[in-house]
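K.L.:
For the sequence shown, the numbering used here begins at 6 and goes up steadily by one. We put the beta carbon where it would ideally sit given N, CA and C, even for glycine.
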Amino acid sequence: MYGNHKSGRPARGYSSKAVSAILAGAIALSGASAVYADGATAVAATTSTTPATTGTATASAFSDVKSGLWAEKHIYKLAAQGIVIGNNGNFRPSDPVTQQEAVLMALRFMKLQNMVDKDAQVALPTDFKVSNYYKAYVVLAFQQKLLDKTLEMDPSNLKTSWGERKATREWIAEVLIRALGKGAAAVAVANEPTGFADDAKVSANKRGYINAAVDLGLANGLDGNRFDPQGVVTRAQLATFLSRAQAHNTLVYDNTTTGTVSELKDGKITIYDNGKLSTFNLVSSTAYFSSASEIKGSLSDIKPYTKVMVIGTNSNAAYVEVIDPKQQVESIQGSFAMITNNKLFMKTADGYPEYVIDAATSFLDVNGAKIEPSSIAPDSLIKLLRETYTSSRKVVSVQVTSGVINKNGTGTMKSIDLNGKSITFKNAAGVEETFKWNDSTIFRYQNVILGAAELKVGSAVKYTITNNLIQSVEVTESVERTLQGTLYELSSSSVVYKKSDGTKEVKLLGAAPVIVIPGITNPLASDLIADAVGGDNIRLTLNSSDQVTKIEVTSRQIELFASLTVVSYNVKNKLLTALDSSNKAHLFTLDDKTKLTNEGTVPTLANIGNFLTEGRKVAVSAIGQRTFSLEVVTKYEGTVTSINTATQKIVVKTNEGQSITLPFPISVDIFGRTNATIADVAVGNTVSAVLAGNQEVISVLRVKAIQQVVVTFLDTANNRMNVKWAGGTGNIYTSGAVLNNEAGETLKLTDFKVGDYVNLVSIGSSPVSLQLVKLTTGQVLSLDTTGGTLTVKNFAGTTQSFLSGNNVKIIRASGTSTSLSSLAVSERVELRKEADGSTIIRVLPMLSRYYSRYESLSNQVVVKRDSINDENYRFQLASNAYIHQGDTTLTVQSLKENDNITVYFNNDVIIEIVKQ
Numbered sequence: 006m007y008g009n010h011k012s013g014r015p016a017r018g019y020s021s022k023a024v025s026a027i028l029a030g031a032i033a034l035s036g037a038s039a040v041y042a043d044g045a046t047a048v049a050a051t052t053s054t055t056p057a058t059t060g061t062a063t064a065s066a067f068s069d070v071k072s073g074l075w076a077e078k079h080i081y082k083l084a085a086q087g088i089v090i091g092n093n094g095n096f097r098p099s100d101p102v103t104q105q106e107a108v109l110m111a112l113r114f115m116k117l118q119n120m121v122d123k124d125a126q127v128a129l130p131t132d133f134k135v136s137n138y139y140k141a142y143v144v145l146a147f148q149q150k151l152l153d154k155t156l157e158m159d160p161s162n163l164k165t166s167w168g169e170r171k172a173t174r175e176w177i178a179e180v181l182i183r184a185l186g187k188g189a190a191a192v193a194v195a196n197e198p199t200g201f202a203d204d205a206k207v208s209a210n211k212r213g214y215i216n217a218a219v220d221l222g223l224a225n226g227l228d229g230n231r232f233d234p235q236g237v238v239t240r241a242q243l244a245t246f247l248s249r250a251q252a253h254n255t256l257v258y259d260n261t262t263t264g265t266v267s268e269l270k271d272g273k274i275t276i277y278d279n280g281k282l283s284t285f286n287l288v289s290s291t292a293y294f295s296s297a298s299e300i301k302g303s304l305s306d307i308k309p310y311t312k313v314m315v316i317g318t319n320s321n322a323a324y325v326e327v328i329d330p331k332q333q334v335e336s337i338q339g340s341f342a343m344i345t346n347n348k349l350f351m352k353t354a355d356g357y358p359e360y361v362i363d364a365a366t367s368f369l370d371v372n373g374a375k376i377e378p379s380s381i382a383p384d385s386l387i388k389l390l391r392e393t394y395t396s397s398r399k400v401v402s403v404q405v406t407s408g409v410i411n412k413n414g415t416g417t418m419k420s421i422d423l424n425g426k427s428i429t430f431k432n433a434a435g436v437e438e439t440f441k442w443n444d445s446t447i448f449r450y451q452n453v454i455l456g457a458a459e460l461k462v463g464s465a466v467k468y469t470i471t472n473n474l475i476q477s478v479e480v481t482e483s484v485e486r487t488l489q490g491t492l493y494e495l496s497s498s499s500v501v502y503k504k505s506d507g508t509k510e511v512k513l514l515g516a517a518p519v520i521v522i523p524g525i526t527n528p529l530a531s532d533l534i535a536d537a538v539g540g541d542n543i544r545l546t547l548n549s550s551d552q553v554t555k556i557e558v559t560s561r562q563i564e565l566f567a568s569l570t571v572v573s574y575n576v577k578n579k580l581l582t583a584l585d586s587s588n589k590a591h592l593f594t595l596d597d598k599t600k601l602t603n604e605g606t607v608p609t610l611a612n613i614g615n616f617l618t619e620g621r622k623v624a625v626s627a628i629g630q631r632t633f634s635l636e637v638v639t640k641y642e643g644t645v646t647s648i649n650t651a652t653q654k655i656v657v658k659t660n661e662g663q664s665i666t667l668p669f670p671i672s673v674d675i676f677g678r679t680n681a682t683i684a685d686v687a688v689g690n691t692v693s694a695v696l697a698g699n700q701e702v703i704s705v706l707r708v709k710a711i712q713q714v715v716v717t718f719l720d721t722a723n724n725r726m727n728v729k730w731a732g733g734t735g736n737i738y739t740s741g742a743v744l745n746n747e748a749g750e751t752l753k754l755t756d757f758k759v760g761d762y763v764n765l766v767s768i769g770s771s772p773v774s775l776q777l778v779k780l781t782t783g784q785v786l787s788l789d790t791t792g793g794t795l796t797v798k799n800f801a802g803t804t805q806s807f808l809s810g811n812n813v814k815i816i817r818a819s820g821t822s823t824s825l826s827s828l829a830v831s832e833r834v835e836l837r838k839e840a841d842g843s844t845i846i847r848v849l850p851m852l853s854r855y856y857s858r859y860e861s862l863s864n865q866v867v868v869k870r871d872s873i874n875d876e877n878y879r880f881q882l883a884s885n886a887y888i889h890q891g892d893t894t895l896t897v898q899s900l901k902e903n904d905n906i907t908v909y910f911n912n913d914v915i916i917e918i919v920k921q
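#1: Around the Cβ of K598, are there at least 16 other Cβ atoms within 10 angstroms (buried) or fewer (exposed)?
#2: Quick one: residues in its chain with C-beta nearer than 6 Å to the C-beta of Y41, no 5 flanking neighbours on either side, listed in chain order?
#3: Whose C-beta lies closer than 8 Å to the C-beta of G733 among residues of the same chain, with five residues either side of it excluded?
#4: Quick check on the burial criterion: 16 or more other C-beta atoms within 10 angstroms. Buried or exposed for N797?
#5: Comparing alpha-carbon positions, which option in S550, D685 and K504 lies nearest I543?
#6: Pairs of beta-carbons, one from the segment 888-896 and one from the segment 132-148, closer than 8 Å: are there three or more?
#7: Report the start-end ranges of each alpha helix (DSSP H) in the segment 376-450 that is 4 residues or longer and not cut off at the edges.
#8: So does F880 have its beta carbon nearer than 8 Å to some heavy atom of the ligand SAH?
#9: Is it the case that the Cβ atoms of A465 and T481 are separated by a distance below 9 Å?
#10: What are the residues that DSSP puts in a beta bridge with F232?
#11: When DSSP labels each residue in this structure, what does Q118 get in the three-state scheme?
#12: Note down the Cα distance separating T508 from S498, rounded to an integer number of angstroms.
#13: For R17, I'd like the list of residues in its chain whose CB is within less than 6 Å of its CB, leaving aside the five on either flank, ordered along the chain.
#14: Measure the Cβ-Cβ separation of Y277 and T395 and say whether it is below 9 Å.
#15: Taking the continuous beta strand (DSSP E) assigned at D69, which residues delimit it?
#16: Using only CA atoms, which one of K640, G73, E747 and V656 lies nearest to Q928?
#17: Just curious, the alpha helix (DSSP H) that G213 is in, first and last residue?
#18: I'd like to check one pair, I556 with V607: are the Cβ atoms closer than 9 Å?
#19: Can you name the start and end residues of the alpha helix (DSSP H) that G188 belongs to?
#20: For a quick check, are the C-beta atoms of P330 and K308 less than 9 Å apart?
#21: In angstroms, rounded to a whole number, what distance separates the CA positions of N432 and F440?
#22: Measuring CB to CB, does L744 end up less than 9 Å from T790?
#23: Could you please give me the residues that DSSP links to G733 through a beta bridge?
#24: Determine the DSSP secondary structure at L163, reduced to helix, strand or coil.
#25: Taking C-alpha atoms, which residue in R391, L474 and T406 lies nearest to T429?
#26: How is F246 classed by DSSP in three states: helix, strand or coil?
#27: Count the CB pairs spanning the segment 750-762 and the segment 706-719 that are closer than 8 Å, and state whether there are at least three.
#28: Could you give the DSSP three-state label for I665: helix, strand or coil?
#29: Could you tell me which uninterrupted beta strand (DSSP E) segments, each at least 3 residues in length, are contained entirely in the segment 815-857, listed from first to last along the chain?
#30: Quick check: what's the CA-CA separation for V266 versus K281?
#31: Let me know the secondary structure DSSP gives N542 once reduced to three states.
#32: Would you call the segment 407-415 in contact with the segment 447-456, where contact means no fewer than 3 C-beta pairs closer than 8 Å?
#33: Between which two residues does the alpha helix (DSSP H) containing Q148 stretch?
#34: Which same chain residues end up closer than 6 Å to K352 when comparing Cβ atoms and leaving out the 5 residues on each side of it in sequence?
#35: Taking the alpha carbon of V238 as the point to measure from, which residue in N119, E106, I362 and L304 has its own alpha carbon closest?
#36: Using DSSP's beta-bridge definition, name the partner residues of E268.
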């Protein structure tokens, strides 16, 4: 796309507006895929065949101009104006432009094509070969000084067909400068070097035109500070250039109307231009664009009273472009007096100024909802909007800004402000309006009176406004609502909860209510605690059928004891006596509802006594003496909050929020580290402290680690994977780990391959999960260094935007940068997310050479040596390498010797070849 070459010479002749409008990536000269093409197919000079063409059309008429094509906007525009013409329904955007096609396009751009007498006999020198269809246009180009007769008809330039020759970048530069009438500027800089690395390849008689194009901001270099003077220009590139160049001239193109949108309704758009109104039908094929963007828009982007350009035929708009999005209106505010005989009177200290209104004037309330003019009360504050693009200064809208509102409405609740006691409704007309409520406001759903906190955004409602306040809101169709209380009783079909006033209420359960309990993964209904005194504090979510779809524990009244020491257990009475860390005694009663756990197994109430011997460590949850769960402790899991080397103690805050003081472990297990010690453990680490058999000593402290690794070997039969990371290499066994991708989809080990990046989560040396990292490889299309975003187009043609923020690392062979500004548009990159969420962008190396051959046996591409000492000329080709010219995909076999190519590498393998 654009190169990085910048001329040190000041721009000559053009205003900055004209330069930027004509080409911010212009012409293939800048390497941008921009362009202009004649749809006519070149025909042999010896025939008189007229090209099969398509008349005035839109880009949608071209089957090969796909939605999202980078040049789509410009092809749409020029096709609608009849400047670009297709061939049998195709535009061929990636085809090279021939010199005779480029001449015709330049003449159409200059609106000179009608000066040609197509019936006149045209004679050109025998050796100056041009297809019959183009001969008259080429003669006209010579007459208009668009072409230099001496240069073009020089015998050395006529060894091949002049007309069917592919237009080169330097030749197009000359046509460009001549079409703009800047030949004198080219002469002035004809003897100056271009400043490009391949300046020696520039033809002497083209150097001035290239310099002039650079000086005017119309041309930039390619990768490696090259101009590639002999590179060809595609039809899409030329179309984009000529489209942008229209901003530089004052010509009025056929079927083109520029003006202000005076009306936009009923599928029609009316444009006002110098006292004339033009109305166009907006049809399904109408294309919408903005002068500020290359991306196709929609009808919703077109606003009344903005400046637009419409191109259309037969009263149908083919192309609409927003030129200036600022609405051309003025605002007048004051007090309303009255309306009579199509006149509105305002009340001021100096009198009663009058304003003419008509049937098209809209009247709106405070929130923008339509109202009848008769509903506006005297002395209400109003705001008038008057258009400013005609001398009549017509009033287009009257809006009440302050006044008494009494109304009934229907719609949905857009937002609810509990602190400010206000609701924003989106009414049936789609207009948002905000009103406040007071303590007398009634909220209702069916026969149930609701509290304001139970209202949900998105619910369908009826509402009544009296004296600007909400009198009532009736929920007619609820998205969902919530209730809060304590869990009193739970069955398979219903839930009983106790409200804040002490009363109880029953709600039916939905088909599969979601259970959410903080600290518990995948909780079940059996994990909920229902109790007359100490039940869970819960939030119930109800659907529109008033069924419970979600039970969420907001807090628990239950007591948690993470580490108790058993004193005794009475098997007969099911009584457990235990001491906490302060040697305070606690008595617990077990029953058939108590959840029992021992090293992942589930003991029965009958045999749990075998494990509750004196001195055993247990974790208990209970309300008073009632025991809800008991676990024989074999390990503590949580976060390290303190490490005391003097006392050789660590403090671990468990997942339940309890702090446990433990002795230093016998050993420390951290993935990728041998002989790890407590010195390798840090406050904040997530750990699993595994107890020894006597439960007094930590046999091993396993530290949770998250890091990104690269797969180097796979043994799927044995669930084994070899990986490497910055600190070394190692083997991991995946049978007990969760395998997924960044979208959370479950994978199998066979879904991984050597070279993949993987986010590895481990507890000690055991993997817990392996997440396949998504790699995006492609071309940088755009950069927003302020917003921290970039857009990349992959080899399949799909574009994707990435938000890197300030946490980005740009890796090149020459070094590393942490600034997105170090990237350049058109560079090829490999992008991924690091395990910590940062963005890693690896810039792929490139090389420009002349193609030599392809050796299929070794699957290698051979290029011409840059010098006799160049040994870097033979490269391995990836099986899925993207080989193309513009948007046209090629095969490696289609490349010809001496083709100018640019190759891009990933790990020394060619992944892309661009034919220039």
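P.N.:
Here's the rundown:
#1: What you label residue 598 is simply residue 593 of the sequence shown in a count that begins at 1. With a threshold of 16 other beta carbon atoms within 10 Å, K598 falls short and is exposed.
#2: Residue mapping note: residue 41 aligns to position 36 of the sequence shown, counting from 1. Low local confidence applies: a pLDDT of 33 at Y41 is under 50, so the model's placement there is unreliable, with the coordinate-based value given in what follows. The answer, listed in chain order, is M110, L243, A244, F246 and L247.
#3: Looking up residue 733 in the sequence shown gives position 728. Counting only Cβ-Cβ distances below 8 Å, and skipping sequence neighbours, we find G677.
#4: Stepping through the sequence shown from its first residue, residue 797 is reached at position 792. The sequence as given places Val at residue 797; Asn does not occur at that position. If you draw a 10 Å sphere on the C-beta of V797, you find 16 or more other C-beta atoms in it, and that means buried.
#5: If you number the sequence shown from 1, residue 543 lands on position 538. Among S550, D685 and K504, the Cα nearest to that of I543 belongs to K504.
#6: Two segments are said to touch when three or more pairs of C-beta atoms, one from each, lie closer than 8 Å; by this definition the segment 888-896 does not touch the segment 132-148.
#7: Runs found: none.
#8: The ligand SAH is absent from the structure shown, which contains no ligand whatsoever.
#9: Within the sequence shown, the letter at position 460 stands for residue 465. Within the sequence shown, the letter at position 476 stands for residue 481. Taking C-beta atoms as the reference points, A465 and T481 count as a pair closer than 9 Å.
#10: Looking up residue 232 in the sequence shown gives position 227. According to DSSP, F232 shares a beta bridge with no other residue.
#11: Within the sequence shown, numbered from 1, the residue matching residue 118 stands at position 113. Three-state result, Q118: helix.
#12: In the sequence shown, residue 508 corresponds to position 503, counting from 1. In the sequence shown, residue 498 corresponds to position 493, counting from 1. Going from the Cα of T508 to the Cα of S498 covers about 20 Å.
#13: Mapped onto the sequence shown, residue 17 falls at position 12. Because the pLDDT of R17 is 35, which lies under 50, any placement of that residue in the model is unreliable, and the question is left without a value.
#14: For this step, residue 277 is matched to residue 272 along the sequence shown. For this step, residue 395 is matched to residue 390 along the sequence shown. Cβ atoms of Y277 and T395: closer than 9 Å.
#15: Indexing the sequence shown from 1 puts residue 69 at position 64. No beta strand (DSSP E) contains D69, which DSSP labels as neither H nor E.
#16: Given that the chain is displayed from residue 6 to residue 921, the structure contains no residue 928 and the question cannot be resolved.
#17: To locate residue 213, count along the sequence shown from 1; it is residue 208. In the DSSP assignment, G213 falls within the alpha helix (DSSP H) that extends over R212 to D220.
#18: Counting from 1 along the sequence shown, the entry for residue 607 is found at position 602. Counting from 1 along the sequence shown, the entry for residue 556 is found at position 551. Taking 9 Å as the Cβ cut-off, V607 and I556 do not qualify as a contacting pair.
#19: Here the question's residue 188 lines up with position 183 in the sequence shown. Counting along the chain, G188 sits inside the alpha helix (DSSP H) bounded by residues G188 to A193.
#20: What you label residue 330 is simply residue 325 of the sequence shown in a count that begins at 1. What you label residue 308 is simply residue 303 of the sequence shown in a count that begins at 1. Yes, these two residues count as a Cβ contact at 9 Å.
#21: As a position in the sequence shown, residue 432 is number 427, starting the count at 1. As a position in the sequence shown, residue 440 is number 435, starting the count at 1. When rounded, the distance between both Cα atoms is 12 Å.
#22: Position 739 of the sequence shown, counted from the start, is the residue given in the question as residue 744. Position 785 of the sequence shown, counted from the start, is the residue given in the question as residue 790. Contact flag unset, no.
#23: Counting from one through the sequence shown, the residue named residue 733 turns up at place 728. The partner list for G733 (beta bridge, DSSP) reads W730.
#24: Within the sequence shown, the letter at position 158 stands for residue 163. Coil at L163, not helix or strand.
#25: Position 424 of the sequence shown, counted from the start, is the residue given in the question as residue 429. Of the candidates R391, L474 and T406, the one whose C-alpha sits nearest the C-alpha of T429 is L474.
#26: Within the sequence shown, numbered from 1, the residue matching residue 246 stands at position 241. In the structure shown, F246 sits in a helix (DSSP, three-state: H, G or I).
#27: The answer is yes - the segment 706-719 touches the segment 750-762, with three or more Cβ pairs under 8 Å.
#28: Reading the sequence shown from its first residue, position 660 is the one you call residue 665. I665 falls in the strand class under three-state DSSP.
#29: Runs of the beta strand (DSSP E) lying entirely within the segment 815-857, each at least 3 residues long, are 820-822, 833-838 and 844-848 in chain order.
#30: On the sequence shown, position 261 is the one that residue 266 refers to. On the sequence shown, position 276 is the one that residue 281 refers to. Between the C-alpha atoms of V266 and K281 there is a straight-line separation of about 12 Å.
#31: Residue 542 sits at position 537 when you count from the first residue of the sequence shown. N542 falls in the strand class under three-state DSSP.
#32: Counting Cβ pairs under 8 Å, fewer than three are found: no touch.
#33: As a position in the sequence shown, residue 148 is number 143, starting the count at 1. Counted as a single uninterrupted DSSP element, the alpha helix (DSSP H) harbouring Q148 occupies residues N137 to Q148.
#34: On the sequence shown, residue 352 is found 347 positions in, with the first residue counted as 1. S340 and A342, listed in sequence order.
#35: Within the sequence shown, numbered from 1, the residue matching residue 238 stands at position 233. Closest by C-alpha distance to V238, out of N119, E106, I362 and L304, is E106.
#36: Along the sequence shown, one-based indexing puts residue 268 at 263. The secondary-structure analysis by DSSP pairs E268 across a beta bridge with T275.
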